[in-house]
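Structure record follows, encoded as structure tokens.
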Amino acid sequence: MKNYLYIVIGSVCGLLLASCRPDQKQTESTPQPDTMVTTATKPFGKTADGKEVTEYTLTNKNGVTMSVINYGGIITRLSTPDKNGVFEDIVLGYDSLSGYLKETPYFGAIVGRYGNRIANGKFTLDGQTYSLAQNNNGQHLHGGLKGFDKVFWTIEQAGPGKLRLTYVSNDMEEGYPGNLNVEVTYELTDDNELKIAYTATTDKKTIVNLTQHSYFNLSGNAKRDILDHALTLYADKFVPVTNVLIPTGKLNDVAGTPFDFRKETAIGLRTNDKDQQLEFAGGYDHCWVLSSSDSIKHAATVSEPVSGRVVDVYTTEPGIQFYAGNFLDGSITGKQGVVYKHRYGLCLETEHFPDSPNQKSFPSTELKPGEVYKTYTTYKFSVR
Ligand code: BGC
């Protein structure tokens, strides 16, 4: 009860502070005094048509902070301590809304209705073929021209440290059938976890594959590329792709290939090996196959040697796309004027496999009326 009161008081103070001092900086290094997660809000700019964007910041009892905006459900900032207790931002993004409104490689966003690629932007349900935007090399990527990363989400506080984001995607929006009610909750716990729950229901048979597209750089404030990050992927197989990054339909063993991350390995060690799969994608940009059980399982561990920061990923999903920021090329200037060069961030996107609607042997991404799509992913932050 006492703690609950603190949360309420903390939230109200946060809201008042934010409205009085919109330029207020979030504390980076002072841990909060008690066991609570507080929430503050502040304006984050306006879209061209005058819609206000708001940033919500959660702070846990250890001083870990996470900020989220109602545009794209984007995680704009995630500040965690290194092994010496120094707090720094570990995700890529922009200082202001204008960056997110321009062409952005999905920094921090919720991705849907279908995360990852669908071959030729086409799929068939009950004999009817649907056509989606071919927005990536003739293929459909990440929900199309205006996917869930570019829409307004309604955000409300759903409990201590928990934000509920909701969005209604209309029938045939971006070419997908069915009115889809989507709910994503972000919860920052006092155990330094970001817990994400995705829920969706439809009124017509459709396909759904939701994910989160944060780019991590555990050095803090993106000091250098991610090639010295050490990665473990708890997977024996991965999904090989064609030269346009569409699955061939097979699942390949990782054993004896640069895709074997069953033992912790620096990302840069084999990324330039002579390997057709690496050549097709310009490096790592593939889906690894996790156990198909619906229970939550350990999918990945990534750590950075200098800061000692570690992220563990757990998920109910059957796959995890590890994308090593191969398409970052120095053309984006991000937060605090940092230029995001080649491989300055990595994504660990928990999801179903790419192109599942066209691959009968892959776990299904279909959702029927009356069913509830429900998946969970946790990112746990620690140091070693
Ligand atoms: C994909 C990459 C793509 C990137 C967009 C990732 O999820 O796997 O191929 O280029 O998103 O920024």
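Each residue of the sequence shown is one higher than the last, beginning at 18 in this note's numbering. Each residue gets a CB set at the ideal place from its N, CA and C atoms; glycine is no exception.
Can you tell me which of the three DSSP states I86 falls into?
I86 falls in the strand class under three-state DSSP.
Can you say whether E210 is buried or exposed, counting buried as having 16 or more other CB atoms within 10 angstroms of its CB?
buried
Compare the Cα-Cα distances from N269 to each of I263, R279, V258 and Q145 and report the closest residue.
V258
Spell out the partners DSSP gives I224 in its beta bridges.
Looking at the DSSP output, I224 sits in a beta bridge with E383.
Give me the residue from L95, H315 and A150 with the minimum Cα distance to T367.
H315
Answer yes if the region 165-174 comes into contact with the region 115-133, meaning at least three C-beta pairs across the two stretches below 8 Å, and no otherwise.
Touching, yes, given that three or more Cβ pairs across the two stretches are closer than 8 Å.
Have a look at W5 and A65 and give me their C-alpha separation to the nearest angstrom.
No answer is possible for residue 5: it lies beyond the span of the chain, which begins at 18 and ends at 401.
Given the structure, does Q376 come close to the ligand BGC, in the sense that its CB is under 6 Å from one of the ligand's heavy atoms?
no
According to DSSP, which residues form a beta bridge with R326?
Per DSSP, V400.
By the DSSP assignment, the alpha helix (DSSP H) with G116 in it spans what residues?
L114 to L118
Alpha carbons only, please: which of A341, N289, Y340 and L244 is nearest the one belonging to V323?
Of the listed residues, the one whose Cα sits closest to V323 is L244.
Examine the ligand BGC and report whether any of its heavy atoms sits within less than 6 Å of the Cβ of Q338.
yes
Kindly list the residues whose CB is nearer than 7 Å to the CB of V108, restricted to its own chain and excluding five residues on each side of it in sequence; keep chain order.
I92, R94, L95, G125, S231, Y232 and F233
Pick helix, strand or coil for S231, following the three-state DSSP scheme.
coil
C-alpha gap between V271 and Q294, whole angstroms
12 Å
Flag P122 as yes when its Cβ comes closer than 6 Å to any non-hydrogen atom of the ligand BGC, and as no otherwise.
Result yes, Cβ under 6 Å from the ligand BGC.
To the nearest angstrom, how far is the alpha carbon of L180 from that of K291?
45 Å
Can you look up K391 in the DSSP assignment and give me helix, strand or coil?
It is a strand residue.
Give me the DSSP bridge partner(s) of H157.
Paired residue(s): I135.
Grab the span of the beta strand (DSSP E) containing F297 for me, first residue to last.
Element bounds for F297: not the beta strand (DSSP E) but the alpha helix (DSSP H), Q293 to A298.
Tell me whether the region 83-92 and the region 65-74 touch, counting them as touching only if at least three CB pairs, one residue from each stretch, are closer than 8 Å.
yes
Which listed residue (N375, E388, R401 and T274) has its alpha carbon closest to that of G144
N375
Which class does G336 belong to by DSSP, given the choice of helix, strand or coil?
If DSSP states are grouped into helix, strand and coil, G336 belongs with the strands.
Taking only heavy atoms of the ligand BGC into account, decide whether any of them is closer than 6 Å to the Cβ of D302.
yes
Can you tell me which of I349, F297, G285 and P380 puts its alpha carbon nearest to the alpha carbon of Q154?
It is worth fixing the name first, because residue 154 is Asn in this sequence and not Gln. Nearest C-alpha to N154: F297.
Which residue marks the beginning of the beta strand (DSSP E) containing Y193, and which one marks its end?
Per DSSP, Y193 lies in no beta strand (DSSP E) segment and is marked neither H nor E.
Rounded to whole angstroms, what's the CA-CA distance from F398 to G273? Just pull it up for me.
Rounded to whole angstroms, F398 to G273 spans 30 Å at the Cα level.
The ligand BGC and F61: does the residue's C-beta get closer than 6 Å to at least one heavy atom of that ligand?
no
Contact defined as beta carbons within less than 8 Å: I believe N198 pairs with A217. What is the distance between those atoms, to the nearest angstrom?
7 Å
On the CB-based measure, 16 or more other CB atoms within 10 Å of its CB, does D112 come out buried or exposed?
D112 should be labelled exposed.
Would you mind sorting K385 into buried or exposed? The rule is 16 or more other CB atoms within 10 Å of its CB.
exposed
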